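For the sequence shown, numbering that gives the first Met the number 0 begins at 0 and goes up steadily by one. From the three backbone atoms N, C-alpha and C, an ideal C-beta is built for every residue, glycine too. On a predicted model such as this, the values are computed, not experimentally measured, just so you know. Scroll down for the structure; my scribbles are underneath it.
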Amino acid sequence: MDLTTKPKKQMTATQTITKVIPQPKGKIATIQVSFPLITPTIALEMLERTADHQRDVKLFSQFKLQTDMNQGEWHFTGSPIVFDESNELVDGQHRLSAIVASGSTQWMIVVQGVKRDAYVAIDSGVRKSTADFFRFEGVPNANFSAATANWLLRYDNIQDGKLQHTSLVSKAMVEGSYKLRADRIQEAHGKHVGLGTFVGSTSMIAALYIIITEAYGAEFCNRFLDSLSTGICTGATEKLRSAIDRDNKGRRRHIAPDERFAAILEAARTVKEQTGRKLIKPSIQSVEKL
Numbered sequence: 000m001d002l003t004t005k006p007k008k009q010m011t012a013t014q015t016i017t018k019v020i021p022q023p024k025g026k027i028a029t030i031q032v033s034f035p036l037i038t039p040t041i042a043l044e045m046l047e048r049t050a051d052h053q054r055d056v057k058l059f060s061q062f063k064l065q066t067d068m069n070q071g072e073w074h075f076t077g078s079p080i081v082f083d084e085s086n087e088l089v090d091g092q093h094r095l096s097a098i099v100a101s102g103s104t105q106w107m108i109v110v111q112g113v114k115r116d117a118y119v120a121i122d123s124g125v126r127k128s129t130a131d132f133f134r135f136e137g138v139p140n141a142n143f144s145a146a147t148a149n150w151l152l153r154y155d156n157i158q159d160g161k162l163q164h165t166s167l168v169s170k171a172m173v174e175g176s177y178k179l180r181a182d183r184i185q186e187a188h189g190k191h192v193g194l195g196t197f198v199g200s201t202s203m204i205a206a207l208y209i210i211i212t213e214a215y216g217a218e219f220c221n222r223f224l225d226s227l228s229t230g231i232c233t234g235a236t237e238k239l240r241s242a243i244d245r246d247n248k249g250r251r252r253h254i255a256p257d258e259r260f261a262a263i264l265e266a267a268r269t270v271k272e273q274t275g276r277k278l279i280k281p282s283i284q285s286v287e288k289l
């Protein structure tokens, strides 16, 4: 048969396909698949059918999707909205909640009729990280680039002296952050690796390299970061090590990465403002932009 003479059948927005599918333990499921345009009103109606055993909506997750939808950054992936054989919603509540909250309209595949016990298998796969998406897009040094862009994004969105919370960061936001400084991020790759190993994150040091360079220039930044590793700058090494990573006996301290980030920024500001004087122990209570 010449397949080129017959166009493939495609599901339209109003068409519903029904299929009987074998299930484990000899069961069968009558599945219906449709491709509707979901408005906030329709989304709200679907949410009213949420199964009792469904997890509560995670507001941070909803906010990420809502932000992407508001900014036109939400991608149709083919992941369906799923209802079980009792017509209860078992997958898709975060997407539907985001549609309601954003007031947007989105195309969705809707699957109805899955067996109730299939719920345990939903979302059980391995989630793709931002670095996975970067790698797919061909971004060089994907893991490093994604992590560095994440630090820069959180710094750019400081509120009340704190870096933006990681739960408010979406993949699309990190991608946008990378595009703003792609050349600088790649330039920072491999710089001051020793210091990055010392504080536990080469991407953190790369982000700080970019931030400090933008604020005070590359010459100062390189001298400052070198001083933290080698002790060339009087008092810088011991004071900063005590603040960000080790106690006075050289034992590793359990300090959050955000506090280490803040300490290095404060150290850079102090060195810049008090050139030639011993470094005052940096504050790690809050983050201030340079």
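Candidates the options: closest to residue i by CA position
i: residue 269; options: 73, 257, 133 and 219; result: 219
i: residue 55; options: 29, 26 and 89; result: 89
i: residue 315; options: 107, 226, 207 and 129; result: With the chain represented from 0 up to 289, any question about residue 315 goes unanswered, as that position is not in the structure.
i: residue 204; options: 20, 80, 262 and 66; result: 262
i: residue 221; options: 201, 66, 191 and 200; result: 191
i: residue 92; options: 60, 267 and 264; result: 60
i: residue 97; options: 112, 46, 25 and 215; result: 46
i: residue 136; options: 163, 177 and 48; result: 177
i: residue 152; options: 114, 164 and 69; result: 164
i: residue 23; options: 210, 133 and 114; result: 114
i: residue 211; options: 193, 109, 167 and 154; result: 154
i: residue 320; options: 188, 133 and 37; result: Nothing can be reported for residue 320, as the shown portion of the chain is limited to 0 through 289.
i: residue 166; options: 273, 66, 25 and 40; result: 66
Residue i, DSSP secondary structure in three states
i: residue 18; result: strand
i: residue 175; result: helix
i: residue 168; result: coil
i: residue 270; result: helix
i: residue 158; result: strand
i: residue 232; result: With a pLDDT of 42 at residue 232, under the threshold of 50, the predicted position of this residue should be treated as unreliable, though the coordinate-derived value follows. Residue 232 falls in the coil class under three-state DSSP.
i: residue 283; result: Per-residue confidence for residue 283 stands at a pLDDT of 41, beneath the threshold of 50, marking its modelled position as unreliable; the derived number appears in the next sentence. In the structure shown, residue 283 sits in coil (DSSP, three-state: anything other than H, G, I, E or B).
Beta-carbon spacing of residue i, residue j below 7 angstroms
i: residue 87; j: residue 50; result: yes
i: residue 173; j: residue 149; result: yes
i: residue 256; j: residue 185; result: no
i: residue 30; j: residue 18; result: yes
i: residue 79; j: residue 99; result: no
i: residue 20; j: residue 32; result: no
Delimiting residues of the beta strand (DSSP E) encompassing residue i
i: residue 111; result: 109 to 113
Host alpha helix (DSSP H) of residue i (start-end)
i: residue 202; result: 201 to 215
i: residue 180; result: Counting along the chain, residue 180 falls outside any alpha helix (DSSP H), and DSSP gives it neither H nor E.
i: residue 255; result: Note, residue 255: premise wrong, no alpha helix (DSSP H); not H, not E.
i: residue 129; result: 129 to 135
Any chain D beta carbon closer than 7 angstroms to residue i
i: residue 181; result: Among the chains in the structure shown there is no chain D, since it carries only a single protein chain.
Discussion item. Threshold first: 4 residues or longer. Then list the alpha helix (DSSP H) segments lying entirely within the region 24 to 96, N to C.
Written reply: 39 to 46 and 58 to 69
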